[in-house]
Amino acid sequence: MDELTQRWTKATVHPDMWVDPDEDPRSSDGPAPEGELATLQEYLRDYRATLLMKCEGLDSEQLARRSVLPSTMSLLGLLRHLAEVERDWQSWLDPEHARPSLYGDPDGDFDGAIADDAVVAEAREALAREQAATDAALSRHDHDLGAAVGAHGTVREIRIHLIEEYARHCGHADLLRECVDGRVGQ
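The numbers in this note's numbering rise by one with no breaks, and the one at position 171 of the sequence shown is 171.
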């Protein structure tokens, strides 16, 4: 971000928000979720949506723009990283059917996040595909959140770890987006 870039938001009702409440796809006028499972599902869905919102309206160069050296972090890298994370959790849920890494070496998700429309499209497709596969794998265990799965704890712990991963990276996405074009908000 150059020094002349102004901070801005689309929100008019609450200037610290990303969008106005009536335009927020995460908002619901209905009742709060009932029960632990529904609450965990809603938090994960909302954090996933938040990450995608932080990437909206940017071209491949902006999505691939790195933060500050020596970091390789970018919004595109986060999309790729979270697709990899989703795949990892699927393997932990079902270790007998573990699949290989999407991006090879441990930093392939960020290192391969280059300004190319095809790379962006593939990252978006991979994230959607891996999220759907994770949701399907988790749904097989929804009858008992305390059930032990694999060697990594319970279904509840896996759901909470996914929420934690997205929450942490949505914070990174806030800063990355502000560096790209000055847009701020929750």
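Idealized CB from N, CA, C, for every residue including glycine.
Computed from a predicted structure; not experimentally measured.
### Message
Quick check: what's the CA-CA separation for Gly-35 versus Gln-6?
### Response
Reading the sequence shown from its first residue, position 35 is the one you call residue 35. Reading the sequence shown from its first residue, position 6 is the one you call residue 6. Whole-angstrom Cα-Cα distance: 43 Å.
### Query
Going by other Cβ atoms of all chains shown within 10 Å of its Cβ, with 16 needed for buried, is His-14 buried or exposed?
On the sequence shown, residue 14 is found 14 positions in, with the first residue counted as 1. By the neighbour-count rule (16 or more Cβ atoms within 10 Å), His-14 is not buried but exposed.
### Query
Start and end of the alpha helix (DSSP H) containing Ile-160?
Within the sequence shown, residue 160 is the residue found at index 160, counting from 1. Counted as a single uninterrupted DSSP element, the alpha helix (DSSP H) harbouring Ile-160 occupies residues 155–181.
### Span of the alpha helix (DSSP H), counted from its first residue to its last, around Arg-124
Sequence index remark: in the sequence shown, residue 124 carries index 124 (1-based). In the DSSP assignment, Arg-124 falls within the unbroken alpha helix (DSSP H) covering 117–139.
### Query
Any chance the region 164–177 sits against the region 90–98, with 3 or more Cβ pairs inside 8 Å?
These segments do not touch.
### Query
Taking just the CA atoms, how far does Ala-126 sit from Ser-101?
Locating residue 101 in the sequence shown gives position 101, where the first residue counts as 1. Locating residue 126 in the sequence shown gives position 126, where the first residue counts as 1. If you take the alpha carbons of Ser-101 and Ala-126, they lie about 12 Å apart.
### Message
Taking the alpha-carbon of Ser-139 as reference, which of Ala-38, Pro-25, Trp-18, Thr-9 has the nearest alpha-carbon?
### Response
The residue given as residue 139 occupies position 139 in the sequence shown. Nearest option by C-alpha distance: Ala-38.
### Bounding residues of the alpha helix (DSSP H) (the contiguous stretch that carries Tyr-47)
Numbered from 1 along the sequence shown, position 47 holds the residue referred to as residue 47. First-last of the alpha helix (DSSP H) with Tyr-47: 36–55.
### Query
Buried or exposed: which applies to Glu-23, given that a residue is buried once 16 or more other Cβ atoms fall within 10 Å of its Cβ?
For the purposes of this step, residue 23 is taken as residue 23 along the sequence shown, with counting starting at 1. In summary, Glu-23 is exposed, with fewer than 16 beta-carbon neighbours lying within 10 Å of its beta-carbon over all protein chains present.
### Task
Work out the CA separation of Arg-168 and Tyr-47 for me, nearest whole Å.
Translated into positions along the sequence shown, residue 47 becomes position 47. Translated into positions along the sequence shown, residue 168 becomes position 168. Between Tyr-47 and Arg-168, the C-alpha separation is close to 10 Å.
### Query
Which residue comes first and which comes last in the alpha helix (DSSP H) that contains Ala-83?
The residue given as residue 83 occupies position 83 in the sequence shown. Note, Ala-83: alpha helix (DSSP H), 75–93.
#### Entry: Gly-185 and Met-73 closer than 7 Å at C-beta
Taking the first residue of the sequence shown as 1, we reach residue 185 at position 185. Taking the first residue of the sequence shown as 1, we reach residue 73 at position 73. Against a cut-off of 7 Å, the Cβ pair of Met-73 and Gly-185 comes out as no contact.
### Query
In whole angstroms, what is the alpha-carbon distance linking Phe-110 and Leu-52?
Translated into positions along the sequence shown, residue 110 becomes position 110. Translated into positions along the sequence shown, residue 52 becomes position 52. One C-alpha to the other measures close to 17 Å.
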